[in-house]
Amino acid sequence: MNALYKHVSKCDCCDTLLTRVAVPYMHVSNCAVLASKAQKLLGGYSFKGDLSLQCAGSVITNFYYQYNNQDELAQSQLLYDLLSELANEYFDSLSDPGIDWTYHPITL
(Lines of atoms letter the chains of each structure in order from A and count residues from 1; the text may use other names and numbers.)
(Lines give C-alpha, C1' and ligand atoms only; values in the text may rest on other atoms or scores of the structure.)
Protein backbone atom coordinates (compact mmCIF):
# COMPACT_ATOMS: atom_id res chain seq x y z
CA MET A 1 0.00 0.00 0.00
CA ASN A 2 1.23 3.50 -0.69
CA ALA A 3 1.42 6.44 1.73
CA LEU A 4 -2.21 7.35 1.06
CA TYR A 5 -3.21 4.06 2.66
CA LYS A 6 -0.64 3.94 5.46
CA HIS A 7 -3.28 2.95 8.04
CA VAL A 8 -4.75 0.17 5.90
CA SER A 9 -3.68 -3.43 6.43
CA LYS A 10 -4.70 -6.69 4.83
CA CYS A 11 -5.77 -9.61 6.98
CA ASP A 12 -3.43 -12.57 6.48
CA CYS A 13 -6.18 -15.16 6.56
CA CYS A 14 -8.95 -13.58 4.47
CA ASP A 15 -7.48 -10.59 2.57
CA THR A 16 -9.98 -8.23 4.21
CA LEU A 17 -8.81 -4.60 4.21
CA LEU A 18 -8.84 -3.11 7.68
CA THR A 19 -7.65 -0.27 9.86
CA ARG A 20 -6.74 -0.77 13.49
CA VAL A 21 -6.70 2.38 15.63
CA ALA A 22 -4.99 2.05 19.01
CA VAL A 23 -6.87 3.63 21.88
CA PRO A 24 -5.71 4.48 25.38
CA TYR A 25 -6.34 1.36 27.45
CA MET A 26 -9.75 1.51 29.10
CA HIS A 27 -11.92 -1.01 30.92
CA VAL A 28 -14.58 -2.76 28.82
CA SER A 29 -17.25 -1.05 30.92
CA ASN A 30 -16.61 1.95 28.62
CA CYS A 31 -17.47 0.00 25.43
CA ALA A 32 -21.10 1.09 25.15
CA VAL A 33 -20.35 4.81 25.56
CA LEU A 34 -17.33 4.72 23.26
CA ALA A 35 -19.27 2.74 20.63
CA SER A 36 -22.18 5.18 20.77
CA LYS A 37 -19.85 8.16 20.36
CA ALA A 38 -18.12 6.49 17.40
CA GLN A 39 -21.46 5.66 15.77
CA LYS A 40 -22.62 9.27 16.08
CA LEU A 41 -19.29 10.65 14.86
CA LEU A 42 -19.04 8.42 11.81
CA GLY A 43 -22.74 8.77 11.01
CA GLY A 44 -22.04 12.00 9.16
CA TYR A 45 -19.52 10.34 6.84
CA SER A 46 -19.98 7.74 4.14
CA PHE A 47 -18.40 4.81 6.01
CA LYS A 48 -20.45 1.63 5.60
CA GLY A 49 -17.97 -1.00 6.78
CA ASP A 50 -17.88 -2.87 10.07
CA LEU A 51 -16.58 -1.05 13.15
CA SER A 52 -15.71 -2.93 16.32
CA LEU A 53 -13.92 -2.35 19.57
CA GLN A 54 -11.15 -4.90 19.94
CA CYS A 55 -10.59 -6.03 23.51
CA ALA A 56 -8.03 -8.12 25.34
CA GLY A 57 -9.72 -9.57 28.39
CA SER A 58 -11.28 -6.66 30.24
CA VAL A 59 -9.30 -3.96 28.39
CA ILE A 60 -10.29 -2.06 25.23
CA THR A 61 -7.22 -1.90 23.01
CA ASN A 62 -8.28 -0.82 19.50
CA PHE A 63 -10.97 0.30 17.15
CA TYR A 64 -11.07 -2.22 14.32
CA TYR A 65 -12.64 -1.17 11.01
CA GLN A 66 -13.21 -3.47 8.03
CA TYR A 67 -13.73 -1.55 4.81
CA ASN A 68 -16.93 -2.10 2.86
CA ASN A 69 -15.52 -1.20 -0.56
CA GLN A 70 -12.55 0.30 -2.38
CA ASP A 71 -14.08 3.80 -2.37
CA GLU A 72 -13.71 4.02 1.41
CA LEU A 73 -9.96 3.47 1.23
CA ALA A 74 -9.41 7.02 0.02
CA GLN A 75 -10.79 8.18 3.38
CA SER A 76 -8.63 5.88 5.53
CA GLN A 77 -6.60 8.79 6.96
CA LEU A 78 -9.80 10.63 7.90
CA LEU A 79 -11.20 7.50 9.55
CA TYR A 80 -7.98 6.97 11.49
CA ASP A 81 -7.82 10.60 12.65
CA LEU A 82 -11.50 10.72 13.68
CA LEU A 83 -11.37 7.52 15.73
CA SER A 84 -8.00 8.34 17.30
CA GLU A 85 -9.16 11.80 18.38
CA LEU A 86 -12.45 10.43 19.69
CA ALA A 87 -10.72 7.78 21.81
CA ASN A 88 -8.19 10.22 23.25
CA GLU A 89 -10.79 12.87 24.05
CA TYR A 90 -13.05 10.31 25.73
CA PHE A 91 -10.14 8.93 27.74
CA ASP A 92 -9.16 12.45 28.83
CA SER A 93 -12.75 13.11 29.94
CA LEU A 94 -12.52 10.16 32.34
CA SER A 95 -9.79 11.85 34.35
CA ASP A 96 -11.48 15.02 35.52
CA PRO A 97 -9.64 17.36 37.93
CA GLY A 98 -11.49 15.97 40.96
CA ILE A 99 -10.34 12.40 40.50
CA ASP A 100 -8.54 10.72 43.38
CA TRP A 101 -5.46 9.20 41.74
CA THR A 102 -3.86 6.08 43.18
CA TYR A 103 -0.16 5.46 42.64
CA HIS A 104 1.59 2.12 43.05
CA PRO A 105 5.28 2.72 43.79
CA ILE A 106 7.89 0.66 41.99
CA THR A 107 11.20 0.16 43.73
CA LEU A 108 14.13 0.62 41.39
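Basically my numbering = 1-based index in the sequence shown + 1. Where a beta carbon is used, it is the ideal one built from N, C-alpha and C, also for glycine.
*Since Ile61 and Val34 are thought to touch, with beta carbons under 8 Å apart, how far apart are those beta carbons, to the nearest angstrom?*
No, Ile61 and Val34 are not in contact; Cβ-Cβ is about 11 Å, not under 8 Å.
*Could you say which of Ala57, Gly58, Asp72, Val24 lies nearest to Tyr46 if we only look at CA atoms?*
It is Asp72.
*From what residue to what residue does the beta strand (DSSP E) around Phe64 run?*
Per DSSP, Phe64 belongs to the beta strand (DSSP E) from 60 to 67.
*Do you know offhand how far Gln67's Cα is from Tyr91's?*
Going from the Cα of Gln67 to the Cα of Tyr91 covers about 22 Å.
*asked:* Contact defined as beta carbons within less than 8 Å: I believe Thr17 pairs with His8. What is the distance between those atoms, to the nearest angstrom?
replied: Not a contact, Cβ separation roughly 15 Å.
*Classify Tyr26 as helix, strand or coil using the three-state DSSP reduction.*
In the structure shown, Tyr26 sits in a strand (DSSP, three-state: E or B).
*Contacting residues, own chain, Cβ-Cβ under 7 Å from Tyr81 (five flanking each side not counted)*: Excluding positions up to five away in sequence, the list reads His8, Thr20, Val22.
*asked:* Among the candidates Gly99, Thr108, His105, Glu86, whose CA atom is the shortest distance from the CA of Lys38?
replied: Taking only the C-alpha atoms, the option nearest Lys38 is Glu86.
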